[in-house]
Amino acid sequence: MRRLAAATLAICLCLGLVACAGNTPASSSAPGPSQSSETSPSQQEISPDVIKEPESHEELVKLAQA
Amino acid sequence: MVVYAITSRLTEAAQAFEEKYGIKVEYSNVKDKEIYTKVTTEVGGNTTGADVIVVHDSYRVQSQLLSTGYCFSQTPLSLKNVIPTEYQQPLIWYFGLKLFLYNNEFDGGKQPFDNIWAMTDPKWAGSYYFKDANSEGGNFNFLTMLTSPKWSEKLAAAYKEYYGKDIVIPEGQTAGHVWTKLFLDNSIGADSETSMSKDIALKGQNKQWLGWTAYSRLRALNDPTQYAIDAITESSPFSSYLQPCYILIAKNVKNPYAALLWTEFMYTDVAWAPYGEESGSYNVVSSLKHSDGFTLDYWLDKAVVDDLAYIYDTRYEMEEFYNEVYYANH
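Chains as they are written, first to last, in our numbering: chain A, 1 to 66; chain B, 1001 to 1330.
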């Protein structure tokens, strides 16, 4: 049981590191051909909205003006 | 709120936005070849920079701004049911049209060709301009798309129509590569599409000149006493290229709600007015005015259009191929 818990923890840590890496922008690179292993857009899922926009347009205007 | 854009015609929109919402807009017109490095440097260093970025090189958009996470794309709620979904991820503002312009003082003003393979014919060698793709990223994206299965197949069929025989494609290449090589071999390099267009248009020349450039160049060449110029709009298998212009938001956006509000404002008559009045700019919102008489739908049937995934995966191959061919004789 203890071995199973340790294995689960290790997997979780690995997944956490992968998630963190995914959120970290690559270092700034000079323009040029890209041959990296970055995810192709065809493989990407449509991301959810980053900015939580209010349902009401008036509210959006108020937040923008704040 | 800070806006970086590759266009110089958002000044009035920025003023109108300020007047309507009372939100100050710092608008900078940044050259296309500089804007990607500027944004990646500023966002990567988490220094003060743009909230919103308006750019149009699909490859750099994907490789330097989106894949890195330095920018993201978000469609305002009010536009989610207005803009076709295929133009929302990433968000496209409009398409700019590129095609061949030609001096129309010859052959009664008729289009000089109706099959794009004519450009590879020795009779047109040294008669047309093409701006070096290393200085015009859109040209790289256009040529890259020609190597896609869809366009290579169409080009192979058009080759047979023009030359009356099957195309011979070297191993590892496509019909798009064959066209690109022959096209570049026949072309003359140009540093500036503005001066190129003027050179083509001047009246009284004893040779007919052509050039691949933005349809909007016609705007500055409408004096019939000096210029004689027109566009090739009908050609097999394509006559033109639609270059997307994207609206992105920086990852370290300082004013997120103002950025969304500005994004929404870009799709209003006020912001669109300078573009709607010229030739060759087509907003993805079809109700916005296009005064040249054409529509985006009209060109979608005749134009090469960027496929972001294909360009992202294969442009570096086209860059290598192009540079080998182009610099062999330019």
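Virtual Cβ for every residue (Gly too), placed ideally from N, Cα, C. Just so it is clear, the structure is predicted and the values come from calculations on it, not from any experiment.
Three-state class that DSSP yields for residue i in the structure shown
i	result
Glu1026 (chain B)	strand
Ala1273 (chain B)	helix
Trp1209 (chain B)	coil
Ser1078 (chain B)	helix
Trp1099 (chain B)	Here residue 1099 (chain B) turns out to be Leu, not Trp, going by the sequence shown. If DSSP states are grouped into helix, strand and coil, Leu1099 (chain B) belongs with the strands.
Tyr1070 (chain B)	coil
Asp1063 (chain B)	A quick correction: the sequence has Ser, not Asp, at residue 1063 (chain B). Reduced to three states, the DSSP call for Ser1063 (chain B) is helix.
Ala1005 (chain B)	strand
Gln65 (chain A)	helix
Buried/exposed call for residue i, threshold 16 Cβ in 10 Å
i	result
Gly1138 (chain B)	buried
Glu58 (chain A)	exposed
His1330 (chain B)	exposed
Gly1204 (chain B)	exposed
Gly1211 (chain B)	buried
Ala1158 (chain B)	buried
Leu1091 (chain B)	buried
Asn1186 (chain B)	buried
Leu1184 (chain B)	buried
Pro1237 (chain B)	buried
Ala64 (chain A)	buried
Ser1008 (chain B)	exposed
Glu1034 (chain B)	exposed
Thr1048 (chain B)	exposed
Lys1181 (chain B)	buried
Glu1136 (chain B)	buried
Thr1120 (chain B)	buried
Thr1085 (chain B)	exposed
Thr1041 (chain B)	exposed
Glu1278 (chain B)	buried
Whole-angstrom C-beta distance between residue j and residue i, which should lie under 8 Å
i	j	result
Tyr1246 (chain B)	Val1039 (chain B)	Not confirmed; about 12 Å, so no contact.
Tyr1128 (chain B)	Trp1179 (chain B)	Not a contact, Cβ separation roughly 14 Å.
Ile1229 (chain B)	Leu1101 (chain B)	6 Å
Ala1014 (chain B)	Val1025 (chain B)	4 Å
Val1284 (chain B)	Tyr1021 (chain B)	Contact flag wrong, Cβ pair sits at about 23 Å.
Asn1104 (chain B)	Ser1235 (chain B)	Wrong, their Cβ atoms sit about 15 Å apart, outside the cutoff.
Lys1160 (chain B)	Ile1169 (chain B)	Lys1160 (chain B) to Ile1169 (chain B), Cβ: 12 Å. No contact.
Arg1217 (chain B)	Glu1193 (chain B)	6 Å
Met1001 (chain B)	Asn1255 (chain B)	5 Å
Ile1023 (chain B)	Ala1258 (chain B)	5 Å
Ala1360 (chain B)	Cys1071 (chain B)	There is simply no residue 1360 (chain B) to check, as chain B begins at 1001 and stops at 1330 in what is shown.
Trp1299 (chain B)	Ser1240 (chain B)	6 Å
Test item: CB-CB of residue i and residue j under 8 Å
i	j	result
Ile1311 (chain B)	Asn1141 (chain B)	yes
Thr1147 (chain B)	Gly1176 (chain B)	yes
Phe1130 (chain B)	Ala1214 (chain B)	no
Ala1050 (chain B)	Val1003 (chain B)	yes
Leu1097 (chain B)	Gly1280 (chain B)	yes
Phe1265 (chain B)	Ala1271 (chain B)	yes
Leu1202 (chain B)	Gln1226 (chain B)	yes
Leu1065 (chain B)	Tyr1094 (chain B)	no
Lys1198 (chain B)	Leu1221 (chain B)	yes
Thr1263 (chain B)	Val1043 (chain B)	no
Tyr1267 (chain B)	Leu1079 (chain B)	yes
Val1325 (chain B)	Leu1242 (chain B)	no
Leu1248 (chain B)	Ser1058 (chain B)	no
Leu1296 (chain B)	Tyr1282 (chain B)	yes
Ile1232 (chain B)	Leu1099 (chain B)	yes
Asp1301 (chain B)	Leu1288 (chain B)	no
Ala1118 (chain B)	Tyr1163 (chain B)	no
Gly1276 (chain B)	Ser1291 (chain B)	yes
Gln1074 (chain B)	Ile51 (chain A)	yes
Ala1133 (chain B)	Tyr1322 (chain B)	yes
Glu53 (chain A)	Leu1077 (chain B)	yes
His1056 (chain B)	Pro1224 (chain B)	no
* Note down, one range per segment and in chain order, each beta strand (DSSP E) of at least 3 residues found wholly within the segment 1191 to 1246 of chain B. => The segment 1191 to 1246 of chain B contains these whole beta strand (DSSP E) runs: 1210 to 1214 and 1229 to 1231.
* Asked: What are the complete alpha helix (DSSP H) segments, minimum 4 residues, inside the segment 1116 to 1180 of chain B?
  -> With a minimum length of 4 residues, the continuous alpha helix (DSSP H) runs that stay inside the segment 1116 to 1180 of chain B are 1137 to 1146 and 1149 to 1163.
* Give, in chain order, every unbroken run of the beta strand (DSSP E) that is at least 3 residues long and sits entirely within the segment 1008 to 1057 of chain B. => List check, beta strand (DSSP E) in window: 1026 to 1029 and 1052 to 1055.
* Asked: In the segment 1240 to 1324 of chain B, which residue ranges form an unbroken beta strand (DSSP E) of at least 3 residues, counting only runs that do not cross its ends?
  -> Complete beta strand (DSSP E) runs here, min 3: 1240 to 1250, 1281 to 1283 and 1303 to 1305.
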